[in-house]
Each structure stands twice: as structure tokens, then as C-alpha cells.
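Engineer:
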Amino acid sequence: MTLVGAGHAHLHVVRQAARLRAAGLTVTLIAPELFHYSGLASGVLSGALALDEAQIDVGALAAAFGVRHLAQSVVAVDRAARFLTLADGATETYDRLSLNIGSVTADPHGLIGGPGVWPVKPLSQLLTLRARIEAQAAAGAAAPRIVVAGGGHSALELAASLCGLVERCDGRPRVTVFAPSHGAGLPPAAWSRLSAALAERGTVFRSGLVVARTVDSVRLADGALEPCDILVLAAGLSAPPLIGQLGLPLDGQGRLRVSPTLQAIGDPAIFAVGDCAVIEGYARPGAGVFGVRAAPVLLNNLAAQGHDRPPRPYHPQARWLAIMDLGDGRGLAVRGRLWLLGRAALGLKRYLDLGFIRRMRAPPASRPQSIFR
Ligand SMILES: Cc1cc2nc3c(=O)[nH]c(=O)nc-3n(C[C@H](O)[C@H](O)[C@H](O)COP(=O)(O)OP(=O)(O)OC[C@H]3O[C@@H](n4cnc5c(N)ncnc54)[C@H](O)[C@@H]3O)c2cc1C
94 MTLVGAGHAH LHVVRQAARL RAAGLTVTLI APELFHYSGL ASGVLSGALA
144 LDEAQIDVGA LAAAFGVRHL AQSVVAVDRA ARFLTLADGA TETYDRLSLN
194 IGSVTADPHG LIGGPGVWPV KPLSQLLTLR ARIEAQAAAG AAAPRIVVAG
244 GGHSALELAA SLCGLVERCD GRPRVTVFAP SHGAGLPPAA WSRLSAALAE
294 RGTVFRSGLV VARTVDSVRL ADGALEPCDI LVLAAGLSAP PLIGQLGLPL
344 DGQGRLRVSP TLQAIGDPAI FAVGDCAVIE GYARPGAGVF GVRAAPVLLN
394 NLAAQGHDRP PRPYHPQARW LAIMDLGDGR GLAVRGRLWL LGRAALGLKR
444 YLDLGFIRRM RAPPASRPQS IFR
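Mapping the sequence shown onto the numbering used here, position 294 (from 1) lands on 387, and the numbers just tick up by one.
1. For the structure I just gave you, are there three or more beta carbon pairs, one from the stretch 446-458 and one from the stretch 298-314, closer than 8 Å?
2. What I want to know is whether the C-beta of S274 ends up closer than 8 Å to one or more non-hydrogen atoms of ligand 1.
3. State the DSSP-derived secondary structure class of A115, mapped to helix, strand or coil.
4. Between L255 and ligand 1, is the CB less than 8 Å from at least one heavy atom?
5. Distance, Cα to Cα, A111 vs G98?
6. Determine, using beta carbons only, whether R405 and V390 come nearer to each other than 9 Å.
7. Give me the Cα-Cα distance between R443 and R386, rounded to the nearest whole angstrom.
8. What number of angstroms, rounded off, separates the C-alpha of R436 from the C-alpha of V297?
9. Assuming S196 contacts P333 (C-beta within less than 8 Å), just tell me the rounded distance between them.
10. Give me, in chain order, the residues of the same chain whose beta-carbon lies closer than 7 Å to that of G209; leave out the 5 immediate sequence neighbours on both sides.
11. Where do the N-terminal and C-terminal ends of the beta strand (DSSP E) with D360 fall, by residue?
12. Within the present structure, is the beta-carbon of G159 separated from the nearest heavy atom of ligand 1 by less than 8 Å?
13. According to DSSP, I535 sits in a beta bridge with which residue or residues?
14. Let me confirm a value: Q410 is counted as buried when at least 16 other C-beta atoms fall within 10 Å, else exposed. Which label applies?
15. Rounding to the nearest angstrom, what Cα-Cα distance links H400 and L392 in this structure?
16. Say the cut is 8 Å; is the CB of H246 nearer than that to a heavy atom of ligand 1?
17. Could you pull out every residue in the same chain whose Cβ sits closer than 8 Å to the Cβ of P353, ignoring the five residues on either side in sequence?
18. So, for H162: in the same chain, excluding its five sequence neighbours on each side, which residues have a beta-carbon less than 6 Å away from its beta-carbon?
19. Taking only the alpha-carbon atoms, compute the straight-line gap between S285 and T198 and give it to the nearest angstrom.
20. Would A272 pass as a contact of L302 if the rule is Cβ separation under 9 Å?
21. Using the beta-carbon count (16 or more within 10 Å), is P212 buried or exposed?
22. Taking only three categories from DSSP, how would you classify G381?
23. At a cut-off of 8 Å, is A153 close to ligand 1 when judged by its beta-carbon and the heavy atoms of the ligand?
Shown next, in the form of C-alpha cells:
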């Protein structure tokens with residue numbers, strides 16, 4: 094059994110690898126050495142949390158649970174020959190494959206790679222962005238003019254976190270959020286409170302689509318230019334290109350279509366969960382919660398392969414709790430039409446997210462100890 098990507102569900106599967114071994118399966122995990130947890134990414138970006146607080150050492154976790162780990166990315170899948178090509182050129186064969194490789198920043202206008210362009214994914218980039226803004230502030234530079242492209246939850250949370258970071262550096266934030274429309278599907282009263290709170294902290298909401306980048310501005314679809322030092326791209330996520338190479342049915346965001354048993358339509362030897370997949374009849378937006386909830390079903394269904402038992406279905410919930418970190422000690426919690434903005438919302442978010450990180454990390458006794466301790 095080969096697990097590709099250490100996303101939310103695979104972290105759980107690795108911790109329960111003994112169940113797969115008991116089913117007669119040998120387990121290999123192919124994933125980069127560090128997992129960056131999105132639930133705490135904005136807290137790290139705003140400077141409220143230390144840089145390593147949102148990270149999980151995947152190698153240590155795999156070692157603690159007896160899983161063979163290759164600290165690599167998979168760059169190609171040959172389904173006919175059942176082998177994988179890794180980023181270092183090595184190859185691996187597989188009998189069954191489980192994909193939990195997350196998503197990449199959607200970039201329909203080819204902005205990534207431009208000067209001062211920061212895509213939200215991979216999340217590790219946000220650590221570098223924080224360091225850059227802190228270094229400029231320490232050198233006495235004025236707060237950067239930040240443009241956030243996108244109007245969804247991630248875009249709003251990033252705008253708030255960047256305000257928090259600039260405030261922590263004793264600056265006055267200058268953030269403009271561009272989206273074709275604003276409100277992020279929030280209950281209208283929640284949007285009104287959130288937008289007013291962010292406006293007080295130096296955020297401007299404008300209608301428009303960012304389509305190009307020059308050295309010191311962004312160009313909008315109507316040709317207007319907006320001064321900009323840092324462009325954060327948060328206008329949507331899509332499945333990683335590897336998913337498109339499988340030659341299997343995809344949805345409009347390039348996600349692998351899977352049945353409720355989490356098996357690819359057209360190839361039951363391939364399982365997929367989280368942002369890279371979409372369950373037939375249960376389309377949901379990308380959110381870590383779905384990977385977490387799918388994890389026990391995935392584990393059961395992978396083990397069922399060894400026991401030759403039928404898999405069981407996963408039906409994702411229709412409503413879920415989403416909590417934004419507003420970067421100033423407050424959060425915005427939303428579930429359906431219910432919402433709460435304030436310190437209690439952030440307190441709940443930290444409780445849930447720090448609990449997840451604690452549970453998913455390798456047990457302390459198995460982590461490498463410093464010889465100086
Ligand atoms: C700024 C921001 C904040 C967010 N906050 C929240 C939040 O608070 N709550 C929430 O529920 N959702 C949040 N989201 C959404 C969340 O990031 C995703 O929905 C979630 O991370 C998806 O989880 P996953 O398990 O599918 O994959 P991920 O958590 O993205 O993990 C995928 C893993 O696979 C690895 N990988 C990728 N490609 C390969 C490859 N080819 N080979 C091997 N390994 C690979 C990656 O390195 C990564 O570690 C946020 C998103 C952003 C951008």
C-alpha cells in the first residue's frame with residue numbers, strides 16, 4: 094500500500110499503520126519531510142505563533158509508527174505498469190495507491206513567478222513572506238502596499254493576518270483586497286462586522302480581477318493599475334497537476350472524481366481524499382475538515398483491501414465549522430447561518446488546531462532528543 098502525500102487523512106493512516114500491517118499490507122509513505130498545517134498557517138503568518146508551531150515532522154511520525162518513508166514528491170504515475178516516478182528520478186512500484194496531496198494555487202492569469210507574487214500554496218511560502226515583511230520593518234521601511242487577489246475565506250484570513258503582522262511590526266497596514274464580488278458567502282451581518290473590522294485596520298475592499306503584475310503595481314481586467322509591493326494570490330485552489338496526469342475522470346477544478354468509498358472512478362486500485370479529490374454526489378469546497386473526517390473511512394477501506402472485505406462509504410457533512418483567525422486576537426467562527434466574531438472564536442480555533450497538531454505529531458518519546466539536553 095503506497096500513500097502519497099502526508100495530508101490530513103494520511104497522517105491519521107500513518108498513526109494507525111499497525112491496522113494495515115495486521116491486514117497483511119506493507120505501507121510506504123512518499124511525502125516531503127514537513128507537513129504545514131493550514132489551520133495554523135495564518136496564525137504563523139500574523140506573527141501570533143512561532144514559525145514551527147504549524148509544522149509536523151513527517152519522517153519522525155512515520156518512523157514512530159513503523160512506516161517506510163521516502164522524503165520525496167511523486168511527479169508521475171504510470172497506472173498501466175503501476176509505478177511512480179519521484180522528483181529525484183527514482184521509481185517505486187505500487188499495488189494500491191492512496192493520494193492525499195492537497196491542492197495548488199489557481200493561477201489562470203499566469204501571475205506566479207512574477208516580482209513580489211506570493212501564492213497561498215504551498216503554505217511554506219507564507220513563512221518566507223512573514224520573514225520578508227519583518228526584515229523590511231526592522232530595516233525601517235514603510236509598511237508594504239499589499240494586494241490580496243481573491244474574495245474567499247482564505248483571502249480574507251490572509252488579509253487579516255497580514256494586517257496583524259504589520260501591526261506587530263508597529264506599522265499601519267495598507268492592504269487592498271480585489272475580487273469580482275465580496276462577502277465570501279458569509280451571513281450578511283457577519284460580513285458587515287468583518288469588513289468594518291478590517292477597514293478600521295487599513296484594509297480596502299475593491300471590485301476587480303487582478304490579471305497582470307508589473308514591478309510596482311497590479312493591472313486589473315479593466316486596465317486600471319493599483320500600486321502594489323506584495324501580491325498575495327488567493328483566488329482559488331485547484332488540484333495538483335499530478336492528478337490530471339492519471340487519465341481518470343476529473344471535475345472542473347481538476348479534482349479526481351472518487352466514489353463514496355474514496356476509490357477513483359475508473360480505477361479502484363487508486364484511493365484519493367482531501368482537496369485533490371471530489372466525491373461523486375458530494376461536491377464540497379477544499380477544507381481540512383473533510384480530510385480529517387474521511388480518515389477513519391479511508392483507513393478502514395485500505396485495510397479492507399488486505400482482508401478482501403467490501404469498503405464502506407463516506408458521506409461528507411453538509412455543514413461544517415469554519416473559523417478565521419483575524420490576526421489581532423479575534424476570530425470569526427461560521428457554521429451555516431450562525432456566526433461569532435471575537436476572542437472566544439479564536440480561542441476555540443486554537444484549541445481545535447493545536448489539539449490536532451499535538452495528536453498528529455510523533456509521540457515525544459520517539460522524537461530525536463538533543464544530546465545537549
Ligand atoms: C491560508 C489558508 C488557510 C486555510 N485555513 C484552513 C482552516 O483553518 N481550516 C480548514 O479546514 N481549511 C483551511 N484551509 C484549506 C486547507 O488548506 C485545505 O483544504 C487542506 O489543507 C487540504 O488538506 P489535504 O489533506 O487535502 O492536503 P494538505 O493538507 O494540503 O496536504 C497535502 C500534502 O501532500 C504533499 N504533497 C503534495 N504533492 C505531493 C506529491 N506530488 N507527492 C508527495 N506529496 C505531495 C504536500 O506537501 C502536503 O504536505 C486553508 C487554506 C489556506 C490557503
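Glycine included, every Cβ here is placed at the ideal spot set by N, Cα and C.
Structural biologist: On the basis of the supplied data:
1. no
2. Of the heavy atoms belonging to ligand 1, none sits nearer than 8 Å to the Cβ of S274.
3. helix
4. The answer is no for L255.
5. Roughly 19 Å between the two C-alpha positions.
6. Yes, Cβ-Cβ distance for R405 and V390 is below 9 Å.
7. Computed Cα separation, rounded: 19 Å.
8. 23 Å
9. About 7 Å separates the CB atoms of S196 and P333; that is less than 8 Å, so the two are in contact.
10. D322, I323 and L324
11. D360 to A365
12. no
13. Because the chain spans 94 through 466 in this model, residue 535 falls outside it and cannot be assessed.
14. exposed
15. 12 Å
16. yes
17. These residues qualify, in order along the chain: I372, E373, G374, Y375, P406, Y407 and H408.
18. L122, G152 and A155
19. For the pair S285 and T198, the Cα-to-Cα distance works out to about 27 Å.
20. In this structure, A272 places its C-beta atom within 9 Å of the C-beta atom of L302.
21. buried
22. Three-state result, G381: helix.
23. no
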